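Below you'll find the structure, written out as structure tokens, and then a few comments.
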Amino acid sequence: MTQTEQKPQRSSAEWMTFSIASLILAVIIGLVVYTWLDDENQPPILSVSNKQTVREIDGQFYVPFEIVNTGGETAESVQIIAELQIDSKVVETGEQQIDFLSRGEKEEGAFIFSKNPRQGQLTLRVSSYKSP
0 MTQTEQKPQR SSAEWMTFSI ASLILAVIIG LVVYTWLDDE NQPPILSVSN
50 KQTVREIDGQ FYVPFEIVNT GGETAESVQI IAELQIDSKV VETGEQQIDF
100 LSRGEKEEGA FIFSKNPRQG QLTLRVSSYK SP
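Numbering that gives the first Met the number 0 puts the sequence shown at residues 0 to 131.
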């Protein structure tokens, strides 16, 4: 005996559910591919600059700075060094550490010197960071 079985027709609610689930899956796959190919997966790009002019208060000289992470990833334990050279000799140094600097984030701070930075050459630079 041969019996022909008919598959039940799908209702419009089933097709709608299937379409929505397929769309959600396609969006998720698209976002994963976009994140994988995106340039924001670059390492941190850190730059430090003098933000304002030097202030003198009670014989100490305050040198404000700003550090920016323009890269794609977060940086931890960012080390900033300032060197003051007068007559080609390093007379003072300073160090700052920023705990956490995410993508696009800015932090501000200041170095404090006992000698006037305007009388020499002041160098600010990022010396190191740690990846989280």
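Here a beta-carbon is modelled for each residue, glycine too, at the ideal position from N, C-alpha and C. Keep in mind that this is a model prediction, so the values were computed, not measured.
Determine the closest residue to D86 out of I19, N115, L45 and E13, with distance taken between C-alpha atoms. Measuring from the Cα of D86, the nearest candidate turns out to be N115.
Mapping the DSSP letters down to three states, classify T73 as helix, strand or coil. In this structure, T73 counts as coil in the three-state DSSP scheme.
G93 to R124, Cα distance in whole Å? As the crow flies, the alpha-carbon of G93 is around 11 Å from that of R124.
When you compare the CB positions of T73 and S101, do they come within less than 7 Å of one another, or not? Taking 7 Å as the cut-off, the beta carbon of T73 is found closer than this to the beta carbon of S101.
Is the separation between the beta-carbon of Q84 and that of G119 shorter than 7 Å? Yes.
Span of the beta strand (DSSP E) holding V47? In the DSSP assignment, V47 falls within the beta strand (DSSP E) that extends over L45 to N49.
Considering only residues of the same chain and omitting the five flanking positions on each side of R54, which have a CB-CB separation below 6 Å? Here the set comprises Y61.
By how many angstroms is the C-alpha of G103 removed from the C-alpha of G170? This structure cannot settle anything about residue 170, because the visible part of the chain is limited to 0 through 131.
Rounded to a whole number of angstroms, what is the C-alpha to C-alpha distance between Q51 and V67? Computed Cα separation, rounded: 15 Å.
Going by Cα to Cα distance, which pick from N49, S76 and S10 is closest to I111? Of N49, S76 and S10, the residue nearest in Cα terms is N49.
When you compare the CB positions of T44 and T69, do they come within less than 7 Å of one another, or not? It should be noted that the sequence gives Ile, not Thr, for residue 44. Closer than 7 Å, so yes.
How would you call F64, buried or exposed, if buried means at least 16 neighbouring beta carbons within 10 angstroms? The C-beta of F64 has 16 or more other C-beta atoms within 10 Å across all chains shown, which makes the residue buried.
Would you say V89 and Y128 are within 7 Å of each other, going by their C-beta atoms? No. Outside cutoff.
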